[in-house]
Amino acid sequence: EAGVVQSPRYKIIEKKQPVAFWCNPISGHNTLYWYLQNLGQGPELLIRYENEEAVDDSQLPKDRFSAERLKGVDSTLKIQPAELGDSAVYLCASSLDDRAGELFFGEGSRLTVL
Amino acid sequence: KQEVTQIPAALSVPEGENLVLNCSFTDSAIYNLQWFRQDPGKGLTSLLLIQSSQREQTSGRLNASLDKSSGRSTLYIAASQPGDSATYLCALWGNQFYFGTGTSLTVIP
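Taken in order, these protein sequences are the chains called V and P. Start counting the first sequence at 1; every next residue gets the next number (my numbering). Start counting the second sequence at 115; every next residue gets the next number (my numbering).
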């Protein structure tokens with residue numbers, strides 16, 4: 001069974017440029033998460049989806065970050081414009097449901113903003 | 115807000131040693147607890163999931179226990195191997211997942 005797939009794995013951009021990350025969760029998983037991870041830190045939640053609905057986006061910096069999950073499957077996270085402080089690893093995860101489900105992560109997308 | 119602490123931040127042991135990693139949390143109202151390992155430059159790999167009604171889970175050389183009343187979970191690794199070298203993180207589900215900052219483990223051949 002395929003795991004959580006993310007792309008691109010690495011992205012280097014100039015500040016003020018836009019960037020987008022894509023995530024394909026495990027088949028059948030209704031809940032999808034985007035996390036941000038800085039070096040030496042644990043993941044921090046950006047947004048959580050239940051099917052198509054964003055049920056927790058309180059940590060998402062909405063002035064520059066946006067996300068969508070069309071048809072309740074794939075998801076895209078966008079940053080526009082990127083700032084130097086956005087350099088981090090962006091992790092996508094999915095689970096079968098929102099409570100007792102085991103969490104599975106993708107390999108992550110490492111963003112470097114110059 | 116749930117606070118999750120993992121001590122020590124780093125640990126170095128000789129190969130073959132048994133070891134315990136600790137995860138402490140402040141709010142006992144959790145649904146489950148999950149242990150992950152993370153290799154450099156990689157995502158998180160799920161190791162063990164302990165549901166709220168359970169007290170422990172085992173997989174191979176790994177055993178994880180959960181004591182909600184004391185706000186603690188431990189991950190026991192038996193007969194450590196160099197391939198166990200990684201960062202180990204615990205995560206709790208309350209109304210969202212709360213992660214610790216991890217313990218970086220190095221197993222010396």
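Heads up, the beta-carbon is just placed ideally off N, CA and C, and yes, glycines get one too.
Classification of residue i by the beta-carbon crowding that lies within 10 angstroms, buried from 16 upward
i      : result
V/Q37  : buried
P/S194 : buried
P/T172 : exposed
V/Y49  : buried
V/I12  : exposed
P/I121 : exposed
P/T201 : buried
P/A192 : exposed
V/V55  : exposed
P/Q152 : buried
P/R169 : exposed
P/Y212 : buried
P/T220 : exposed
P/S183 : exposed
V/A2   : exposed
Listed by chain order, chain V residues near residue i by CB distance under 9 Å
i      : result
P/S160 : E102, L103, F104 and F105
P/A192 : Per Cβ cutoff of 9 Å: no residues; P/A192 is ~23 Å from chain V at best.
Check whether residue i and residue j have beta carbons under 7 Å apart
i      : j      : result
V/S94  : V/L32  : yes
P/S142 : P/T119 : no
P/T215 : P/V134 : no
P/P196 : P/P223 : yes
V/G101 : V/V4   : no
V/I195 : V/L60  : Chain V is shown from 1 up to 114; residue 195 of chain V falls before or after that span and cannot be answered.
P/N146 : P/S166 : yes
V/L103 : V/E14  : no
V/E52  : V/G28  : no
V/W34  : V/L96  : no
P/Q116 : P/G185 : no
P/L125 : P/T217 : yes
Interface partners of residue i on chain P, CB under 8 Å
i      : result
V/D118 : Past the edges of chain V, shown from 1 to 114, lies residue 118 of chain V, and the structure says nothing about it.
V/L45  : Q210 and F211
V/R48  : Q210
Short CB-CB distance (under 7 Å) between residue i and chain P
i     : result
V/L91 : yes
V/G28 : no
V/G72 : no
V/Q41 : yes
Min CB distance residue i to chain V below 7 Å
i      : result
P/K182 : no
P/K115 : no
P/L206 : no
P/G185 : no
P/T215 : yes
P/L133 : no
Proximal residues of chain P, C-beta to C-beta of residue i below 7 Å
i      : result
V/G108 : G157
Interface residues of chain V facing residue i [CB-CB closer than 7 Å]
i      : result
P/T188 : The contacting residues do not exist; P/T188 stays about 18 Å from chain V at best.
P/T220 : Correct list: empty, because the minimum Cβ distance to chain V is about 15 Å.
P/Q148 : E102 and L103
P/L203 : G42
P/P163 : Position check: residue 163 of chain P holds Leu in this sequence, whereas Pro was assumed. By Cβ distance, chain V contributes E102.
Contact test: residue i Cβ vs the ligand NAP heavy atom, cutoff 6 Å
i      : result
P/Q210 : Among the ligands in the structure shown, none appear at all, so the ligand NAP cannot be discussed.
Beta-carbon neighbours of residue i, restricted to chain V and to distances below 8 Å
i      : result
P/G174 : Per Cβ cutoff of 8 Å: no residues; P/G174 is ~17 Å from chain V at best.
**Item:** the segment 175-186 of chain P touching the segment 11-24 of chain V, judged by at least three CB pairs closer than 8 Å
**Value:** Touching, no, given that fewer than three Cβ pairs across the two stretches are closer than 8 Å.
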